[in-house]
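K.L.:
My questions all concern the structure below.
Numbering (my numbering), first residue to last: 193 to 252.
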């Protein structure tokens, strides 16, 4: 298939489900949530480079 965030999410890859949950409750983040977000974003930036896709700005 075509590399896309939607396809990766449907396949349960790259902690995208966790990112979705984190972003849904962003206003109530604790320190651990901020750390998890930073870890996920760092991984997604690597994935983006490898597959030639962009990390959407609203995920930051």
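In this text, a Cβ means the ideal position worked out from N, Cα and C, and glycines have one as well.
#1: Assuming contact is defined by CB atoms lying nearer than 7 Å, are residue 208 and residue 200 in contact in what I supplied?
#2: Thinking just about the alpha-carbon of each residue, which of 236, 244 and 242 is nearest to the one in residue 252?
#3: Quick one: measure Cβ to Cβ for residue 196 and residue 245, integer angstroms, because I've assumed they're closer than 8 Å.
#4: If residue 247 sits next to residue 224, beta carbons under 8 Å apart, how far is it from one beta carbon to the other, in whole angstroms?
P.N.:
Let me lay it out:
#1: Less than 7 Å separates the beta-carbon of residue 208 from that of residue 200.
#2: Among 236, 244 and 242, the Cα nearest to that of residue 252 belongs to 236.
#3: Between residue 196 and residue 245 the beta-carbon gap is near 7 Å, inside 8 Å, which marks them as a contact.
#4: Cβ-Cβ separation between residue 247 and residue 224: approximately 21 Å, too far for a contact (criterion under 8 Å).
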